[in-house]
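*Asks:*
There are 2 protein chains.
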Amino acid sequence: MSDISYKLFIRAFSSKTRLDIIKHLSKKGASVSDISNSLGFEQSRVSHNLACLAECGFVEVNRKGKQRIYSLNRKTILPMLRLMDRHIKKYHKHLKECGVLK
Amino acid sequence: MSDISYKLFIRAFSSKTRLDIIKHLSKKGASVSDISNSLGFEQSRVSHNLACLAECGFVEVNRKGKQRIYSLNRKTILPMLRLMDRHIKKYHKHLKECGVLK
DNA sequence: CTGACATATGATAACATGGTCATATGTATT
DNA sequence: AATACATATGACCATGTTATCATATGTCAG
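So the protein sequences, as listed, match chains Z and P. Take 74 as the starting number for the first sequence in our numbering and just add one per residue. Take 74 as the starting number for the second sequence in our numbering and just add one per residue.
#1: Are the beta-carbon atoms of Z:Tyr164 and P:Cys125 separated by less than 9 Å?
#2: Can you pull the chain P residues whose beta carbon is under 9 Å from the beta carbon of Z:Tyr164, in chain order?
#3: Assign P:Arg159 to one of two classes, buried (16 or more other C-beta atoms within 10 Å of its C-beta) or exposed (fewer than that).
#4: May I ask you to verify whether the segment 135–151 of chain P touches the segment 98–118 of chain P, counting CB pairs closer than 8 Å and requiring at least 3?
#5: Identify whether Z:Asn146 lies in helix, strand or coil by the three-state DSSP scheme.
#6: For chain Z, check one thing: does any of its Cβ atoms lie closer than 9 Å to the Cβ of P:Glu170?
#7: Please classify P:Ser78: does DSSP put it in a helix, a strand, or coil?
#8: Can you confirm whether P:Lys137, when its beta carbon is compared against all beta carbons of chain Z, has any partner nearer than 9 Å?
#9: Assuming P:Glu133 is part of the beta strand (DSSP E), what are its boundary residues?
#10: Here's a check: name, in chain order, each residue in its chain whose Cβ is nearer than 7 Å to the Cβ of Z:Phe86, leaving out the five neighbours to either side.
#11: Using DSSP with H/G/I as helix, E/B as strand and the rest coil, what is P:Ser104?
#12: Count the other C-beta atoms from every protein chain shown that fall within 10 angstroms of the C-beta of Z:Ile77, then say buried if there are 16 or more, exposed otherwise.
#13: Taking DSSP's pairing of strands, which residues face P:Arg141 in a bridge?
#14: List the residues of chain Z that P:Phe86 touches, going by C-beta distances under 7 Å, in chain order.
#15: Look at P:Asn135 and P:Ile94 and say whether their C-beta atoms are less than 9 Å apart.
#16: So that I know if they touch, is there some Cβ in chain Z lying closer than 9 Å to that of P:Lys101?
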């Protein structure tokens with residue numbers, strides 16, 4: 074289990090943009106432009122971030138005409154999100170701005 | 074469930090230093106200097122990173138003379154690590170250098 | 001095969017993060 | 001109280017990460 078793998082794994086969750094994309098996809102698959110419009114993010118921003126998620130195995134792509142429909146790898150992501158939710162619910166008191174390494 | 078909470082949560086896992094500290098603590102609680110010596114990290118580096126982990130609820134502190142003994146909040150961290158392991162085992166083929174956002 | 005649309009890629013600039021050094025605080029021993 | 005040890009804090013610099021802009025590729029309709 075290499076450290077680089079850990080890092081890439083965690084990276085998927087470590088930006089607000091990717092988190093928002095993941096949340097959006099948790100409802101259903103969507104094209105780049107759909108995500109882009111729904112979230113108000115630049116097209117290339119969405120594209121870059123989806124590429125990252127795809128490379129890390131969190132997202133799959135399928136063609137549909139000109140579009141590419143991205144969908145979540147639910148099996149891994151959903152339990153992960155649940156786990157995070159549980160922890161955060163319990164520790165939100167701590168989870169204020171972490172001033173230390175800011 | 075605020076986004077900042079997610080971000081802080083994930084941050085705990087997002088650096089090699091913190092990951093190493095977590096691994097070290099997974100055996101048993103340890104003082105700053107113990108961690109510092111075992112891992113060969115600067116004292117202040119360990120201290121900064123422990124503070125971050127503590128603030129995010131992943132680690133607890135107890136005094137013992139001059140020392141401060143840090144120990145893992147195992148309930149949250151261990152399932153998290155297991156989940157990561159499982160994903161990484163399955164997707165290591167994807168989890169090579171993610172060139173896109175580098 | 002041309003135009004229009006959808007997505008991807010690359011370079012760059014702004015910003016965030018982490019490590020180090022210097023220093024401060026806190027605690028026990030004498 | 002003075003010293004020594006353990007840890008914490010703050011400021012700074014180096015590095016990594018992200019968003020944006022410009023541009024390229026890819027795909028369908030006509």
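C-beta atoms are modelled at their ideal positions from N, C-alpha and C, and glycine is treated no differently. Small disclaimer: the values here were computed from a predicted structure and weren't measured.
*Replies:* In this structure, then:
#1: Sequence index remark: in the first sequence, residue 164 of chain Z carries index 91 (1-based). Sequence index remark: in the second sequence, residue 125 of chain P carries index 52 (1-based). Contact: no.
#2: Within the first sequence, numbered from 1, the residue matching residue 164 of chain Z stands at position 91. What Z:Tyr164 touches in chain P: Ser78, Phe82, Cys129, Gly130, Phe131, Asn146 and Thr149.
#3: As a working note, residue 159 of chain P is residue 86 in the second sequence. P:Arg159 is exposed by the Cβ-count criterion.
#4: Touching, yes.
#5: Your numbering for residue 146 of chain Z matches position 73 in the first sequence. Coil, per DSSP.
#6: Locating residue 170 of chain P in the second sequence gives position 97, where the first residue counts as 1. Low confidence applies to P:Glu170: its pLDDT is 44, below 50, so where it sits in the model is not reliable, and the reading given next is rough at best. Yes, because at least one Cβ of chain Z sits closer than 9 Å to the Cβ of P:Glu170.
#7: Here residue 78 of chain P refers to the residue found at position 5 of the second sequence. The answer is helix: DSSP assigns P:Ser78 an H, G or I state.
#8: Along the second sequence, one-based indexing puts residue 137 of chain P at 64. The beta carbon of P:Lys137 does not come within 9 Å of any beta carbon belonging to chain Z, so the residue lies off that interface.
#9: Here the question's residue 133 of chain P lines up with position 60 in the second sequence. Counting along the chain, P:Glu133 sits inside the beta strand (DSSP E) bounded by residues Val132 to Lys137.
#10: The count along the first sequence starts at 1 and reaches residue 86 of chain Z at position 13. Closer than 7 Å at the Cβ level, and outside the excluded window around Z:Phe86, lie Leu92.
#11: Residue 104 of chain P sits at position 31 when you count from the first residue of the second sequence. Note: P:Ser104 maps to strand in three-state DSSP.
#12: As a position in the first sequence, residue 77 of chain Z is number 4, starting the count at 1. With fewer than 16 other Cβ atoms from the protein chains shown falling within 10 Å of its own Cβ, Z:Ile77 counts as exposed.
#13: Counting from 1 along the second sequence, the entry for residue 141 of chain P is found at position 68. For P:Arg141, which the question treats as bridged, DSSP gives the partners P:Arg136.
#14: As a position in the second sequence, residue 86 of chain P is number 13, starting the count at 1. Under a criterion of Cβ atoms nearer than 7 Å, the residues of chain Z adjacent to P:Phe86 are, in order, Ile83.
#15: What you label residue 135 of chain P is simply residue 62 of the second sequence in a count that begins at 1. What you label residue 94 of chain P is simply residue 21 of the second sequence in a count that begins at 1. With contacts defined as CB atoms closer than 9 Å, P:Asn135 and P:Ile94 fail to qualify as a contacting pair.
#16: Here residue 101 of chain P corresponds to residue number 28 of the second sequence, with the count starting at 1. Under the Cβ distance rule, P:Lys101 does not count among the residues neighbouring chain Z, no pair being separated by less than 9 Å.
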